[in-house]
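Peer 1: Have a look at this one.
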Amino acid sequence: MKNHMKPSTNLSSENDENAATTRLKPERRVEQRRRWRWASWALPFVGLVSVLWFLIRVIPKPSRATYPCQRAAFPVASAFVVWLSGIVVSTLAYRKARRLAVQGRYLAAGLFAAVAVAVATTYWSTTVPGARADFVPIDPINSPMGVGKGIYPGRVVWVHDPTATKWNGVTGHWWDEQNLDQQAVDKMLSHALRTLTAEQNDPAAWNALFRYYNRTHGAGDVGYRPGEKIAIKINLNAEGYGAAYSSNGRMPSPQLIQSILGQLFNTVQVSGSNVTIYDASRAIADPLYNRIHTNANPNFQRVRFVANTTGNGRIGAVADLTNRLHFANSSVAPANHATAYLPTCVTEATYLIDLAPLSAHSMFGVTACGKNWFGSVCWRTNANYFPWNGGWTPSPLHNFGLRSNPMNSYNPIVDLMGHPQLGGKTLLFLVDGLYGSDNAITTVLRYRSFGTNWTASVLASQDAVAIDSVVVDILRNEPLMASNITGQGVDNYLHEAAQAGSPPSGTFYDPGVTGTRLTSLGVHEHWNNATNRLYSRNLGRSEGIELLPAGGPNGDADGDGMNNTAEYQASTDPMDPNSTPLRSTAISRQGNDILITWTTQGGTTNRVQAAPGFTSGSGSSTFTNLSPVVVPRGSYLASTNYLDVGGATNMPANSKYYRVRVGP
Ligand SMILES: [Ca+2]
Ligand SMILES: [Ca+2]
351 MKNHMKPSTN
361 LSSENDENAA
371 TTRLKPERRV
381 EQRRRWRWAS
391 WALPFVGLVS
401 VLWFLIRVIP
411 KPSRATYPCQ
421 RAAFPVASAF
431 VVWLSGIVVS
441 TLAYRKARRL
451 AVQGRYLAAG
461 LFAAVAVAVA
471 TTYWSTTVPG
481 ARADFVPIDP
491 INSPMGVGKG
501 IYPGRVVWVH
511 DPTATKWNGV
521 TGHWWDEQNL
531 DQQAVDKMLS
541 HALRTLTAEQ
551 NDPAAWNALF
561 RYYNRTHGAG
571 DVGYRPGEKI
581 AIKINLNAEG
591 YGAAYSSNGR
601 MPSPQLIQSI
611 LGQLFNTVQV
621 SGSNVTIYDA
631 SRAIADPLYN
641 RIHTNANPNF
651 QRVRFVANTT
661 GNGRIGAVAD
671 LTNRLHFANS
681 SVAPANHATA
691 YLPTCVTEAT
701 YLIDLAPLSA
711 HSMFGVTACG
721 KNWFGSVCWR
731 TNANYFPWNG
741 GWTPSPLHNF
751 GLRSNPMNSY
761 NPIVDLMGHP
771 QLGGKTLLFL
781 VDGLYGSDNA
791 ITTVLRYRSF
801 GTNWTASVLA
811 SQDAVAIDSV
821 VVDILRNEPL
831 MASNITGQGV
841 DNYLHEAAQA
851 GSPPSGTFYD
861 PGVTGTRLTS
871 LGVHEHWNNA
881 TNRLYSRNLG
891 RSEGIELLPA
901 GGPNGDADGD
911 GMNNTAEYQA
921 STDPMDPNST
931 PLRSTAISRQ
941 GNDILITWTT
951 QGGTTNRVQA
961 APGFTSGSGS
971 STFTNLSPVV
981 VPRGSYLAST
991 NYLDVGGATN
1001 MPANSKYYRV
1011 RVGP
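Under this note's numbering, the first residue of the sequence shown carries the number 351, and numbering increases by one thereafter.
Next comes the structure, spelled out in structure tokens:
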């Protein structure tokens, strides 16, 4: 890929830094080492507390082992026991070996020394995260099952912009204004909606979504009509159970919710009084509530927040006793055949938006758009599940959706995805992957598969199965998820949902009690590999998933040498090789020298070349290397420069052409 640049006499003084020359200051490294010394004691301490907590709570009442807090404590506690026994056995073996060696018994000493090394090595390998998560799907790559949904069936959009997520991981909170850029998030959502619908602007994109929904629900080819209600399901599972907002836990991004509401109010002309944000079995914390309700726009102030705890403006969820939720497996609610109901904020809405997190989950493997429907279920018979929350609890469902369950087994998530009042009523599926995490109640973390950076992603789809399938592929490729996204049944719910009319388990899924089986809820498949990230429709087939832009953040579908994220940041077309972020931003004379400044993708190989002036104006084949290889730091859009020393005085034939070559 080449860009031709002619030197200019315009001496604009662009002050671009060359990122490649920046170095980590030594003081910072010292500080990091100190923090680690503290952390080396914090982990065993947390482990000890977890063991005590587990024993104190579970021994008197073993059923408590299923409580969320104990499920969270158990892995920490068991890891601590493994760690402690590893150290004890290893140390004992080492001492025994030393004693035998002193006695001259070298073979025996060698055996004990080997035990010491082996145990220490085992301990080390279980505590240092491995290469990647070990969930291995049973279906071969690019083997679509089910029927794609949406205007463009099976389409999933993945927008990635690391400039939106600027938290340093230490100071303040990830959702603070300076750490999560509202304008950048607004742009990401707008881009996702326009790419999903292939429309040029936001009003046209929303109109396409509403018309598609109404056409496919027997309501005619009409858009949003004033007065229709919209409910947004968010996932507040962490609130009150551990790493909530206050401890930088995995929670919905207030900025993304503001973007969605802004679109609904300003683009679709929905009234704030017709919008509800809910999670019926959890609390809604101040960082979200206040951000929305202190907005100067009265529509934001009118949004209703429905939760499990009332007070401070939050509204308690109310069960709609005319709308049952039927689970196909009667064992789901064994205690006196409890019946489940939906909240009124759902049943009175015309449309739902499913806004899920990007996270693995210790019990389910993943928590995406499917599992997000937990928090919409009320049990009217007290079966003594924990937490009871007035009946708003997903606990009776837990054992039927575990990642350790075999493939081809019943999964209650399919009943939720297929219920006419839940998944069946959903206009749009979104995944808030701005700050991803590794479990339901843990703090946000930088993913290694994202260059050890925040996930900085928003995903959108009209296909409930396709979007979760992409999430599964993203998470199973992330080493930090390895302990959670593992087990034989991680994507069982997607196999069942994709083939809901004839599921592998043979279950008769009919959550709305219509007498008729569900049909396919969407399309499922796995990408070809973690490097190229291509699904069947990306490979030219007419079925399966279409991930846009093809290949995800690091993909380069048009082969212009610039990855999709660099193209997003530069607002260029990732499908057009002539539309590229590689461009000259300034060529300026500095005394006898000429400074060439250009934008390119970090991590690529750039080289400035020059050719003498020529009269015809046509291309020249006489370009020669001028600069050494320049590789800007990072993986995304970067500005860099090269100073052509003496370039202004050493000017052949009164003119000179520069170009930047990307590649070898
Ligand atoms: Ca490209
Ligand atoms: Ca391009």
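Glycine included, each C-beta is placed from N, C-alpha and C at the ideal position. No experiment lies behind these values; they were computed from the predicted model shown.
#1: Please report the straight-line C-alpha distance between residue 634 and residue 865, rounded to a whole angstrom.
#2: Could you check if residue 1005 belongs to the surroundings of ligand 2, using beta carbon to heavy atom distance under 8 Å?
#3: I'd like to check one pair, residue 840 with residue 714: are the Cβ atoms closer than 9 Å?
#4: Give me the residue from 690, 850 and 710 with the minimum Cα distance to residue 725.
#5: Go ahead and pull the three-state DSSP assignment for residue 693.
#6: For residue 1002, count neighbouring Cβ atoms within 10 angstroms of its own Cβ and tell me buried if that reaches 16, exposed if not.
#7: Cα separation between residue 835 and residue 605?
#8: Considering only heavy atoms of ligand 1, list every residue whose Cβ is less than 6 Å from one of them, following chain order.
#9: Buried or exposed: residue 528, going by 16 or more other Cβ atoms within 10 Å of its Cβ?
#10: Which of helix, strand or coil does DSSP assign to residue 940?
#11: Based on the DSSP secondary-structure assignment, which residues constitute the bridge partners of residue 1028?
#12: Regarding residue 921 and ligand 2, is the C-beta to nearest heavy atom distance less than 8 Å?
#13: Does the distance between the C-beta of residue 903 and the nearest non-hydrogen atom of ligand 2 fall short of 8 Å?
#14: Grab me the residues of residue 940's own chain with a C-beta within less than 7 Å of its C-beta, minus the 5 sequence neighbours each way, in chain order.
#15: Relative to the alpha-carbon of residue 985, which residue among 904, 654, 1013 and 918 has its alpha-carbon at the smallest distance?
#16: Are three or more beta carbon pairs between the segment 612-621 and the segment 571-581 nearer than 8 Å?
#17: Secondary structure at residue 516, three-state DSSP: helix, strand or coil?
#18: Starting from residue 582, follow the beta strand (DSSP E) in both directions and report where the run begins and ends.
#19: DSSP on residue 534, reduced to helix/strand/coil?
#20: For residue 707, which of helix, strand or coil comes out of DSSP?
#21: Nearest to residue 672 by alpha carbon, out of 655, 697 and 711?
#22: Would you kindly check if the distance between the Cβ of residue 996 and the Cβ of residue 942 is under 9 Å?
#23: Could you check if residue 858 is buried or exposed, using at least 16 other CB atoms within 10 Å of its CB as the buried criterion?
#24: Are residue 509 and residue 808 close, meaning C-beta to C-beta below 9 Å?
#25: What's the call for residue 701, buried or exposed, on a 16-neighbour Cβ count within 10 Å?
#26: Mind checking whether the beta-carbon of residue 929 lies closer than 8 Å to any heavy atom of ligand 2?
#27: Can you confirm whether the segment 922-932 touches the segment 895-913 when touching is taken to mean that 3 or more C-beta pairs between the two stretches lie within less than 8 Å?
#28: Mind checking whether the beta-carbon of residue 926 lies closer than 8 Å to any heavy atom of ligand 2?
#29: Report back the beta-carbon spacing between residue 506 and residue 897 to the nearest angstrom; my notes put them in contact at under 8 Å.
#30: In angstroms with no decimal places, state the Cα-to-Cα distance between residue 822 and residue 716.
#31: DSSP beta-bridge partners for residue 655?
#32: Under the assumption that residue 845 contacts residue 495 (Cβ atoms under 8 Å), give the Cβ distance between them as a whole number of angstroms.
#33: Are the CB atoms of residue 707 and residue 718 within a distance shorter than 9 Å?
#34: In three-state terms, what does DSSP make of residue 300?
#35: Mind checking whether the beta-carbon of residue 653 lies closer than 8 Å to any heavy atom of ligand 4?
#36: Let me confirm a value: residue 681 is counted as buried when at least 16 other C-beta atoms fall within 10 Å, else exposed. Which label applies?
Peer 2: Walking through what the data contain:
#1: Walking along the sequence shown from the start, residue 634 turns up at place 284. Walking along the sequence shown from the start, residue 865 turns up at place 515. So the two alpha carbons sit approximately 37 Å from each other.
#2: As a working mapping, residue 1005 is identified with position 655 in the sequence shown. No, the beta carbon of residue 1005 sits no closer than 8 Å to any heavy atom of ligand 2.
#3: Indexing the sequence shown from 1 puts residue 714 at position 364. Indexing the sequence shown from 1 puts residue 840 at position 490. Cβ atoms of residue 714 and residue 840: closer than 9 Å.
#4: Taking the sequence shown and counting its residues from 1, one reaches residue 725 at position 375. Ranking the options by Cα distance to residue 725, first place goes to 690.
#5: Residue 693 sits at position 343 when you count from the first residue of the sequence shown. Residue state for residue 693 is assigned as strand, using DSSP reduced to three classes.
#6: To locate residue 1002, count along the sequence shown from 1; it is residue 652. Exposed: under 16 other Cβ atoms inside 10 Å.
#7: Position 485 of the sequence shown, counted from the first residue, corresponds to residue 835. Position 255 of the sequence shown, counted from the first residue, corresponds to residue 605. If I take the Cα positions, the gap works out to 28 Å.
#8: 906, 908, 910, 912, 917 and 924
#9: Taking the first residue of the sequence shown as position 1, residue 528 is located at position 178. Residue 528 should be labelled exposed.
#10: Translated into the one-based positions of the sequence shown, residue 940 becomes position 590. Strand at residue 940.
#11: No information on residue 1028 is available, as it lies outside the stretch 351 to 1014 that the chain covers here.
#12: The residue labelled residue 921 in the question sits at position 571 within the sequence shown. For ligand 2, not one heavy atom lies less than 8 Å from the Cβ of residue 921.
#13: As a position in the sequence shown, residue 903 is number 553, starting the count at 1. Answer for residue 903: no, Cβ out of range of ligand 2.
#14: The count along the sequence shown starts at 1 and reaches residue 940 at position 590. None.
#15: Translated into the one-based positions of the sequence shown, residue 985 becomes position 635. Among 904, 654, 1013 and 918, the Cα nearest to that of residue 985 belongs to 904.
#16: Contact between the segment 612-621 and the segment 571-581 is present, because at least three Cβ pairs lie under 8 Å.
#17: For the purposes of this step, residue 516 is taken as residue 166 along the sequence shown, with counting starting at 1. The answer is coil: DSSP assigns residue 516 none of H, G, I, E or B.
#18: Along the sequence shown, one-based indexing puts residue 582 at 232. Start and end: 580-583.
#19: If you number the sequence shown from 1, residue 534 lands on position 184. Of the three classes helix, strand and coil, the one that applies to residue 534 here is helix, per DSSP.
#20: Residue mapping note: residue 707 aligns to position 357 of the sequence shown, counting from 1. Residue state, collapsed to three classes: strand.
#21: Your numbering for residue 672 matches position 322 in the sequence shown. When each option's Cα is compared against that of residue 672, the closest is 697.
#22: Looking up residue 942 in the sequence shown gives position 592. Looking up residue 996 in the sequence shown gives position 646. In this structure, residue 996 lies closer than 9 Å to residue 942 by Cβ.
#23: For the purposes of this step, residue 858 is taken as residue 508 along the sequence shown, with counting starting at 1. Classification of residue 858: exposed, given that the 10 Å Cβ count is below 16.
#24: For the purposes of this step, residue 509 is identified with residue 159 of the sequence shown, where counting begins at 1. For the purposes of this step, residue 808 is identified with residue 458 of the sequence shown, where counting begins at 1. Going by C-beta atoms, residue 509 is nearer than 9 Å to residue 808.
#25: Within the sequence shown, residue 701 is the residue found at index 351, counting from 1. By the neighbour-count definition (other C-beta atoms within 10 Å, threshold 16), residue 701 is a buried residue.
#26: In the sequence shown, counting from the first residue as 1, residue 929 sits at position 579. It does: the Cβ of residue 929 is within 8 Å (strictly closer) of some heavy atom of ligand 2.
#27: The segment 895-913, when compared against the segment 922-932, does touch it at the 8 Å Cβ threshold.
#28: Residue 926 sits at position 576 when you count from the first residue of the sequence shown. For ligand 2, at least one heavy atom lies less than 8 Å from the Cβ of residue 926.
#29: Reading the sequence shown from its first residue, position 156 is the one you call residue 506. Reading the sequence shown from its first residue, position 547 is the one you call residue 897. Sure, about 5 Å apart at Cβ, within 8 Å.
#30: Stepping through the sequence shown from its first residue, residue 822 is reached at position 472. Stepping through the sequence shown from its first residue, residue 716 is reached at position 366. Distance between the alpha carbons of residue 822 and residue 716 is about 7 Å.
#31: Translated into the one-based positions of the sequence shown, residue 655 becomes position 305. 627, per the DSSP bridge assignment.
#32: Here residue 845 refers to the residue found at position 495 when the sequence shown is read from its first residue. Here residue 495 refers to the residue found at position 145 when the sequence shown is read from its first residue. Right, the Cβ-Cβ distance comes to about 7 Å (below 8 Å), so this counts as a contact.
#33: What you label residue 718 is simply residue 368 of the sequence shown in a count that begins at 1. What you label residue 707 is simply residue 357 of the sequence shown in a count that begins at 1. Yes, Cβ-Cβ distance for residue 718 and residue 707 is below 9 Å.
#34: Residue 300 is absent from the model: the chain starts at 351 and stops at 1014.
#35: Absence of ligand 4 is noted for the structure shown, with ligand 1 and ligand 2 being the only ligands found.
#36: Translated into positions along the sequence shown, residue 681 becomes position 331. With fewer than 16 Cβ atoms within 10 Å of its Cβ, residue 681 is classed as exposed.
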